[in-house]
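To start, the structure under review is shown below, and the notes come after it.
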Amino acid sequence: METASDGQRNRSRALRLQAAAHYAQGDLSSAKALVELQLATATESSPGAPEDPSELPDAEVNMGCLLYREGQHEEACGKFASAMQVLGYCPELSYNMALCCYAAKQYAPALKHIADIIERGMQILSLKDVKLLNILTFIVYVC
Numbered sequence: 001m002e003t004a005s006d007g008q009r010n011r012s013r014a015l016r017l018q019a020a021a022h023y024a025q026g027d028l029s030s031a032k033a034l035v036e037l038q039l040a041t042a043t044e045s046s047p048g049a050p051e052d053p054s055e056l057p058d059a060e061v062n063m064g065c066l067l068y069r070e071g072q073h074e075e076a077c078g079k080f081a082s083a084m085q086v087l088g089y090c091p092e093l094s095y096n097m098a099l100c101c102y103a104a105k106q107y108a109p110a111l112k113h114i115a116d117i118i119e120r121g122m123q124i125l126s127l128k129d130v131k132l133l134n135i136l137t138f139i140v141y142v143c
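By the count of the numbering used here, the sequence shown reaches residue 143 at its end, each step adding exactly one.
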């Protein structure tokens, strides 16, 4: 038996799927209407509102992609930034923001987003290298 939250979750998934299908076919106006509906549903504070906290940032990212395709680069960047505030740092969103800045001829912010991606990637690699070195040292010591 389907609960109310299951029904809401399925409706949200159906909206995302329909929007993706329209987007893939190049029907941006229909995709945008569905994403706007998804955004409205995700921000409702009614009993039928979604329980999944990632639905709003997902809808923001989808709207950002649509705005980018429409040439509204600054508005798209704002949607990606809004999603990142909820989700935390995400290199894919930072890259999207860099593309928006570059398309809007805002080269310094675009470069900053790319530099952040590289810097954070280097930090992650450095941590993995340290862990790997510790494991190798332990293996050599045990053997």
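Each residue gets a CB set at the ideal place from its N, CA and C atoms; glycine is no exception.
Which residues mark the beginning and the end of the alpha helix (DSSP H) in which residue i is found?
| i | result |
| --- | --- |
| lysine 32 | 28 to 43 |
| glycine 64 | 55 to 69 |
| lysine 79 | 73 to 87 |
Buried or exposed: where does residue i fall if 16 or more other Cβ atoms within 10 Å of its Cβ makes it buried?
| i | result |
| --- | --- |
| tyrosine 89 | exposed |
| serine 29 | exposed |
| glutamine 85 | exposed |
| leucine 34 | buried |
| glycine 64 | buried |
| serine 46 | Only weak support is given to the placement of serine 46: the predicted model assigns it a pLDDT of 49, under 50, and the value that follows is read from those uncertain coordinates. By the neighbour-count rule (16 or more Cβ atoms within 10 Å), serine 46 is not buried but exposed. |
| alanine 42 | buried |
| leucine 67 | buried |
| alanine 115 | exposed |
| lysine 131 | exposed |
| tyrosine 23 | buried |
| glutamine 8 | buried |
Could you round the C-beta distance between residue i and residue j to whole angstroms and report it? I think they count as a contact, below 8 Å.
| i | j | result |
| --- | --- | --- |
| serine 12 | glutamate 55 | 6 Å |
| alanine 20 | glutamine 38 | Wrong, their Cβ atoms sit about 11 Å apart, outside the cutoff. |
| leucine 15 | proline 57 | Leucine 15 to proline 57, Cβ: 15 Å. No contact. |
| valine 61 | alanine 40 | Incorrect: roughly 16 Å between the Cβ atoms, too far for contact. |
Is there contact between the segment 63 to 82 and the segment 93 to 109, where contact requires at least three CB pairs shorter than 8 Å?
yes
Quick check: the segment 92 to 102 against the segment 121 to 128, are there 3 or more CB pairs under 8 Å?
No, the segment 92 to 102 is not in contact with the segment 121 to 128.
Can you check the segment 82 to 127 for any alpha helix (DSSP H) of at least 4 residues that lies completely inside it and give the ranges in chain order?
91 to 103
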